[in-house]
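Here the sequence shown is numbered in full-length UniProt numbering, starting from 1 and rising by one per residue.
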Amino acid sequence: MPFPRPRIAWRLFAAGLLGWAAWRAGRGAAPPPQQAALPRPTPAGRRALLIGLAALVLLGGAGGAAWLLAQRHEKDRIARALTGGDPSRAPALMIRYGCGGCHAIPGVPGADGRAAAPLSGLRERVYVGGVARNSAESLIAWIVDPRALSPRSAMPRTGITESEARDVAAYLYAR
């Protein structure tokens, strides 16, 4: 129905206007009922309530921490399966090969470079280095020799081995 008939619209408007006028005059609604006085909690009741709330907060925090830990282990397991690498060895490798000089890398101390793309969320990207389809093998090949995939790339060949590149790729896919 596109629009109500004009006569009905005017009647609704007039009723609303009369209701507003009655409210302004104080004749509209009845005052709210008085609430019964609630008893004050005893110190023991307050203490029990606080203990219950603290337990609830602790259990919620522990559950959240357990969930985050399970997520981290699941991401590590998937990254290991995709790359054949060990993500726990990667931070030391990325420090040794100077990756953090150009890239910002989560979880790697001092890796806060701004010359190249940050390496967080790499598993969700479509391309590696902007040129190769994002797969474990193309990421490993890119880490070992980026100019083999893109000759004009600014990323240098660092001398990292394929085995070490697998560890780095596993780390990047797990984060």
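Backbone N, C-alpha and C define an ideal beta-carbon position, used for all residues, glycine too.
| Check | Outcome |
| --- | --- |
| Would you mind working out which of A141, Y173, R72, A170 sits nearest residue 176, comparing C-alpha positions? | In this structure the chain extends from 1 to 175, so residue 176 is not present and cannot be described. |
| Does the distance from the CB of A79 to the CB of A165 come in under 9 angstroms? | no |
| Start and end of the alpha helix (DSSP H) containing T83? | 43-83 |
| When the distance is taken between beta carbons, is P41 closer than 9 angstroms to Y171? | no |
| With a 10 Å radius around its C-beta and 16 neighbouring C-beta atoms as the bar for buried, classify R175 as buried or exposed. | buried |
| Can you name, in chain order, every residue of its own chain whose Cβ lies under 8 angstroms from the Cβ of I95, other than the five neighbours on each side? | V108, P109, G110, A111 |
| If you reduce the DSSP assignment to three classes, tell me which class R133 lands in. | strand |
| How long is the line joining the alpha carbons of R133 and R123, rounded to whole angstroms? | 11 angstroms |
| Which residues in the same chain have their Cβ closer than 7 angstroms to the Cβ of residue 178, if we skip the five residues on either side of it in sequence? | Past the edges of the chain, shown from 1 to 175, lies residue 178, and the structure says nothing about it. |
| In whole angstroms, what separates the C-alpha of V131 from that of P151? | 11 angstroms |
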